[in-house]
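*Asks:* Residues in the sequence shown are numbered consecutively from 3, following the working numbering.
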Amino acid sequence: MKIVKYLLYGAGGLAALVILAAGAAVVVVDGAFVKARLERAMQEKNRTLVIEGEPKLRLFPVAGIALGRTTLTEPGSDKVFVALESADVAVRTMPLLSGEVEVEKLSLAGLRAQVVKGKDGNFNFADLAGPERPREEGKRGAPPNVKVAEINIERLRLDYRDEASGQEATLSDFDLKTGRLDGATPGPVSLAARITGKKPDLDLRAQASGALRFDLGRQEIAFDGFSFGAKGKVDRDTFAAEFSAPRVEVTPAKASGSDVKGTVQVKGPQRSANLVFRIQGIEGTARDLSLSAVALDLDAAAAGNSVKGKVSTPVKGNLEARTWELPRIAANLTFSGPAIPQKSVTLPVSASAQANLEKQTAGLELSTKFDETSINAKFGASRFDPLVATFDVGIDKLDLDRYLPAQKKEAKTDERIDLSGLKGKTVSGKFAAGALTVKRVRLQNVKAEVKLAGGKLEVAPHSASLYGGSLSGNASIDSNGNRVAAKESIQGVQVGPLLRDAAQKDVLEGRGNVSLDVQTAGGTVTALKKALAGSARVEMKDGAVKGINLADSARNLKSALGGKVSKPDAGQKTDFSEMSASFRIKSGVARNDDLKAQSPFLRLGGAGDLDIGNNTIDYLAKASLVATSRGQGGRELGQVAGITVPVKLSGALDNPSWSVDYSGLAGGALGKAAGGITDAAKKGASGIGDKLRGLFGR
3 MKIVKYLLYG AGGLAALVIL AAGAAVVVVD GAFVKARLER AMQEKNRTLV
53 IEGEPKLRLF PVAGIALGRT TLTEPGSDKV FVALESADVA VRTMPLLSGE
103 VEVEKLSLAG LRAQVVKGKD GNFNFADLAG PERPREEGKR GAPPNVKVAE
153 INIERLRLDY RDEASGQEAT LSDFDLKTGR LDGATPGPVS LAARITGKKP
203 DLDLRAQASG ALRFDLGRQE IAFDGFSFGA KGKVDRDTFA AEFSAPRVEV
253 TPAKASGSDV KGTVQVKGPQ RSANLVFRIQ GIEGTARDLS LSAVALDLDA
303 AAAGNSVKGK VSTPVKGNLE ARTWELPRIA ANLTFSGPAI PQKSVTLPVS
353 ASAQANLEKQ TAGLELSTKF DETSINAKFG ASRFDPLVAT FDVGIDKLDL
403 DRYLPAQKKE AKTDERIDLS GLKGKTVSGK FAAGALTVKR VRLQNVKAEV
453 KLAGGKLEVA PHSASLYGGS LSGNASIDSN GNRVAAKESI QGVQVGPLLR
503 DAAQKDVLEG RGNVSLDVQT AGGTVTALKK ALAGSARVEM KDGAVKGINL
553 ADSARNLKSA LGGKVSKPDA GQKTDFSEMS ASFRIKSGVA RNDDLKAQSP
603 FLRLGGAGDL DIGNNTIDYL AKASLVATSR GQGGRELGQV AGITVPVKLS
653 GALDNPSWSV DYSGLAGGAL GKAAGGITDA AKKGASGIGD KLRGLFGR
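(1) So is Arg593 in contact with chain D if we call contact Cβ pairs under 8 Å?
(2) Under 8 Å Cβ to Cβ from Ile419, same chain only, skipping five residues before and after it: list those, please.
(3) Could you spell out the range, first to last residue, of the alpha helix (DSSP H) harbouring Gln45?
(4) Would you call the CB atoms of Leu110 and Leu130 closer than 8 Å?
(5) Out of Asp403, Asp595, Pro602, Arg586, point me to the one whose CA is closest to Ala546's CA.
(6) Leaving aside the five residues before and after Val52 along the sequence, list all residues of the same chain whose C-beta is less than 6 Å from its C-beta, in chain order.
(7) Tell me Thr72's beta-bridge partners as DSSP assigns them.
(8) Starting from Val278, follow the beta strand (DSSP E) in both directions and report where the run begins and ends.
(9) Under the three-state reduction of DSSP, which class applies to Arg700: helix, strand or coil?
(10) With a threshold of 6 Å on Cβ separation, who are the neighbours of Gly270 within its own chain once the five nearest residues in sequence on each side are excluded?
(11) Please report the distance separating the alpha-carbon of Gln282 from that of Val313.
(12) So, do the segment 579–597 and the segment 533–542 have three or more beta carbon pairs nearer to each other than 8 Å?
(13) Can you pull the DSSP bridge partners for Ser626?
(14) Taking the C-alpha atoms as reference points, what is the distance between Lys263 and Phe241?
(15) Could you check the C-alpha separation between Arg207 and Arg196 for me, to the nearest Å?
(16) From Val93 to Leu59, what distance separates their C-alpha atoms?
(17) Identify whether Val395 lies in helix, strand or coil by the three-state DSSP scheme.
(18) Please identify the residue among Leu193, Val347, Asn515 whose C-alpha is closest to the C-alpha of Asp544.
(19) Mapping the DSSP letters down to three states, classify Thr526 as helix, strand or coil.
(20) Alpha carbon to alpha carbon, how far is Glu106 from Gly185? Give it in angstroms, no decimals.
(21) Taking the straight line between their C-alpha atoms, what separation do you get for Gln496 and Gln574?
(22) In whole angstroms, what separates the C-alpha of Ala171 from that of Thr325?
(23) So, with DSSP's three-state summary, where would you put Arg215?
(24) Does the beta-carbon distance from Asn48 to Gly70 come in below 8 Å?
(25) When we look at the beta-carbon of Gly227 and count the other beta-carbons within 10 Å, is it buried (16 or more) or exposed?
(26) Output the boundary residues of the alpha helix (DSSP H) element that contains Gly498.
(27) Considering just the uninterrupted stretch of the alpha helix (DSSP H) at Asp129, what are its terminal residues?
(28) To the nearest angstrom, report how far apart Gly635 and Asp577 are at their CA atoms.
(29) Classify Ser167 as buried or exposed, calling it buried when 16 or more other Cβ atoms lie within 10 Å of its own Cβ.
(30) Could you check what DSSP says for Leu99 in three-state terms: helix, strand or coil?
(31) Taking buried to mean at least 16 other C-beta atoms within 10 Å of its own C-beta, is Asn126 buried or exposed?
(32) Cutting at 6 Å between CB atoms, please list the residues of its own chain near Ser308, excluding the five before and the five after it.
(33) Considering Glu244, what are the terminal residues of the beta strand (DSSP E) in which it resides?
(34) Tell whether a beta-carbon distance below 8 Å holds between Asn447 and Ser467.
(35) Please report the straight-line C-alpha distance between Glu251 and Ala232, rounded to a whole angstrom.
(36) Assign Gly121 to buried or exposed, taking buried as 16 or more other Cβ atoms, counted over all protein chains shown, within 10 Å of its Cβ.
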């Protein structure tokens, strides 16, 4: 019995000691002491803390502090970082000894804070957070059990600004009220807030209410009659969202719930969308959660184009490991509108996905088939922020012209090119297509490797077969300075079919090679054209120029000089055995000095400029006739051999005009054919230009 007596004496003495210690603490550690220590601590961080009046302290059995008007400045500045009208925080002391947190009161009024992310990526509160402690892999402390008697937050405002991107966001008119949240019975919760911002422009009001029960220590959470809604503006669109959860309960032993619903609506001058989702059942435990029969209905439109469809998938999640899996995604989406000029397209999608939010990894496998096209794709991410991802896309055959919108007229204003979206991401992958049609050009065996890093997008190497020949090369777009570069090689291509498909012009025949090595930089399309530099070369063999037979025109030259003219035949052509030209490109102007073409009766040369930046051409071609036209069914040209025909090309580069120097051509013809031309013809030389215009169709 003595031992019990001693224990009782000891307990009584310990209680007395605690009471004496608490009393001494109240005497020594009063409000003035705390105020002075806090202000001194902020001075050491080059900040100014001002607390009006004297804080009120409580230590036992409830530890708390009550503050009046308080402000804290930015480092080395009188600009306010945080300000509040009043605060009262109280926590019961004894439960802290057992690892529990019982909030007796949390009251804040008029709290305002300015959060800024600098261009260097650091926040303006980094000096207050202290050094970041390394987290040991695989170790996670159990969360403390939290109980709340009352929370009352009024008129909270939080301003955020990103100095690098110019993005701004403000959380204002924030009010939060709760009843008792003791983990045993649901307590009332209500929330209201306004969210505004720039990039994008935002102005939303949100509210939530319902009954909430949670116990972090036992990993339990439950909602009863919970609802959430938000309405407002996003850019120029009206936005509305609603979410309701009549009953959801998740415990370590069991997870249950049903009929969780939500809608999202967007309406604006350029787009509209309506998304409805339903979760028919929630099963599992607090660790392993399954959402059965998650269904989404989508109806969206933008610029006259629309997509409608349904998506259904089960969802499996491990809340402790923060992993989620969508083992079977089934979707049926229909696209229609002017962006698909031929018809609407329905995509039956089959996919699976998984994500680990803690490790920031995700993967998606997708397949679909529509019309004559089958697509299989894989996507993966090894980090979310900044994004590090890979992809592999394979297509059997695809005619993009069926689904691309009709070509629009060029805008009157030269809009700036924004490549900032390439920055901050690292993406690599492969693309392959058995057959691909783009802008009527038909390619086969298309292969490309894609890499995005450091703001630079590279498609290198890439290759394809086209029109009996091959294409290979590399291209890049660099957001650092808006730089574009391309190095391409086209070998053995049938030029006639290519021009008929690409330019819808039937002017050339033959097999050709093209090499291109160019680079440019600029903020607009016009600037890119005017800064173009590099080199190019074109070679063709065994071809023909369609629309004129220069052999027949030359044979008719003598009769033209005598007064007779034959009209050109659009079905005729001029053969050539080879043709080549090289270009030096500088400041958007391509200069050629070595045009060379040969045919059985013709030698062609020329020089001039192709001003790509200003879309103009200034070029002089010279065609010299040789002694025979045999090989084109012709006869000797005797009297006109050696005559040079000067042809001037000028005007718009995409629609040039050409003219012949008739006076020079007439003088040469008269000198060459003087012996066989009558005196009357010589006297009529002044009218020869009109005759030659008829001969050459101009």
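Every residue gets a Cβ at the ideal spot worked out from N, C-alpha and C, and that includes glycine. In this text the structure is predicted, and so the values were computed from the model without any measurement.
*Replies:* To lay it out plainly:
(1) The structure shown contains no chain D; it holds only a single protein chain.
(2) Working through the sequence shown from its first residue, we reach residue 419 at position 417. Excluding sequence neighbours, Ile419 sits near Asn484, Gly524, Gly525, Thr526, Val527, Leu530.
(3) As a first step, residue 45 is located in the sequence shown; it is residue number 43 there, counting from the start. 33–46 is the span of the alpha helix (DSSP H), which, as asked, contains Gln45.
(4) As a first step, residue 110 must be located in the sequence shown, where it is residue number 108. As a first step, residue 130 must be located in the sequence shown, where it is residue number 128. At a Cβ-Cβ threshold of 8 Å, Leu110 and Leu130 do not count as neighbours.
(5) Numbered from 1 along the sequence shown, position 544 holds the residue referred to as residue 546. Considering only Asp403, Asp595, Pro602, Arg586, the residue with the shortest C-alpha distance to Ala546 is Pro602.
(6) If you number the sequence shown from 1, residue 52 lands on position 50. Closer than 6 Å at Cβ, skipping near neighbours: Thr73.
(7) Taking the first residue of the sequence shown as 1, we reach residue 72 at position 70. DSSP lists Ile53, Leu86 as partners of Thr72.
(8) Your numbering for residue 278 matches position 276 in the sequence shown. For Val278, the enclosing beta strand (DSSP E) has its first and last residue at 273–286.
(9) Here residue 700 corresponds to residue number 698 of the sequence shown, with the count starting at 1. At Arg700 the pLDDT is 47, less than 50, meaning the model places this residue with poor confidence; the figure from the coordinates comes in the next sentence. Looking at Arg700 - three-state DSSP - the assignment turns out to be coil, as it is neither helix nor strand.
(10) Looking up residue 270 in the sequence shown gives position 268. Hits under 6 Å: Arg238, Asp239.
(11) Numbered from its first residue, the sequence shown carries residue 282 at position 280. Numbered from its first residue, the sequence shown carries residue 313 at position 311. Roughly 14 Å separates the two Cα atoms.
(12) They touch, by the three-pair rule.
(13) The residue given as residue 626 occupies position 624 in the sequence shown. Residue pairing by DSSP places Ser626 opposite Arg605, Thr646 in a beta bridge.
(14) Along the sequence shown, one-based indexing puts residue 263 at 261. Along the sequence shown, one-based indexing puts residue 241 at 239. Those two C-alpha atoms are separated by around 17 Å.
(15) The residue you call residue 207 lines up with position 205 of the sequence shown. The residue you call residue 196 lines up with position 194 of the sequence shown. Cα to Cα, Arg207 sits roughly 4 Å from Arg196.
(16) Counted from its first residue, the sequence shown places residue 93 at position 91. Counted from its first residue, the sequence shown places residue 59 at position 57. Separation of Val93 and Leu59 (C-alpha to C-alpha, rounded to the nearest whole angstrom) is 12 Å.
(17) By one-based count along the sequence shown, residue 395 stands at place 393. In the three-state scheme derived from DSSP, where H, G and I count as helix and E and B as strand, Val395 is classed as strand.
(18) The sequence position of residue 544 within the sequence shown is 542, counting from 1. Shortest Cα-Cα distance from Asp544 to any of Leu193, Val347, Asn515 involves Asn515.
(19) Here residue 526 corresponds to residue number 524 of the sequence shown, with the count starting at 1. Note: Thr526 maps to strand in three-state DSSP.
(20) Translated into the one-based positions of the sequence shown, residue 185 becomes position 183. Translated into the one-based positions of the sequence shown, residue 106 becomes position 104. Cα to Cα, the separation comes out at about 14 Å.
(21) The count along the sequence shown starts at 1 and reaches residue 496 at position 494. The count along the sequence shown starts at 1 and reaches residue 574 at position 572. Whole-angstrom Cα-Cα distance: 19 Å.
(22) Start at 1 with the first residue of the sequence shown, and residue 171 comes out as number 169. Start at 1 with the first residue of the sequence shown, and residue 325 comes out as number 323. In a straight line, the C-alpha of Ala171 is about 30 Å away from that of Thr325.
(23) Start at 1 with the first residue of the sequence shown, and residue 215 comes out as number 213. In this structure, Arg215 counts as strand in the three-state DSSP scheme.
(24) Residue numbering aside, residue 48 sits at position 46 when the sequence shown is read from its first letter. Residue numbering aside, residue 70 sits at position 68 when the sequence shown is read from its first letter. Against a cut-off of 8 Å, the Cβ pair of Gly70 and Asn48 comes out as no contact.
(25) Numbered from 1 along the sequence shown, position 225 holds the residue referred to as residue 227. Exposed.
(26) Position 496 of the sequence shown holds residue 498. From DSSP, the alpha helix (DSSP H) with Gly498 extends over 497–504.
(27) If you number the sequence shown from 1, residue 129 lands on position 127. In this chain, the alpha helix (DSSP H) harbouring Asp129 covers 128–131.
(28) By 1-based counting over the sequence shown, the position of residue 635 is 633. By 1-based counting over the sequence shown, the position of residue 577 is 575. Low confidence applies here, because Gly635 scores a pLDDT of 44, under 50, leaving its location unreliable; read the following figure in that light. Rounded to the nearest angstrom, the two C-alpha atoms are 11 Å apart.
(29) Taking the sequence shown and counting its residues from 1, one reaches residue 167 at position 165. When all chains shown are included, Ser167 counts as exposed.
(30) Position 97 of the sequence shown, counted from the start, is the residue given in the question as residue 99. Helix.
(31) Here residue 126 corresponds to residue number 124 of the sequence shown, with the count starting at 1. Answer is buried; the Cβ neighbour count reaches 16.
(32) For the purposes of this step, residue 308 is taken as the residue at position 306 of the sequence shown. The answer, listed in chain order, is Ser338, Gly339.
(33) Counting from one through the sequence shown, the residue named residue 244 turns up at place 242. Per DSSP, the unbroken beta strand (DSSP E) holding Glu244 starts and ends at 239–252.
(34) Residue numbering aside, residue 447 sits at position 445 when the sequence shown is read from its first letter. Residue numbering aside, residue 467 sits at position 465 when the sequence shown is read from its first letter. Result yes, Cβ atoms of Asn447 and Ser467 sit closer than 8 Å.
(35) The residue given as residue 251 occupies position 249 in the sequence shown. The residue given as residue 232 occupies position 230 in the sequence shown. Approximately 24 Å between the Cα atoms of the pair.
(36) Numbered from 1 along the sequence shown, position 119 holds the residue referred to as residue 121. Looking at the sequence itself, residue 121 is Lys, so the reference to Gly does not match. So Lys121 ends up on the exposed side.
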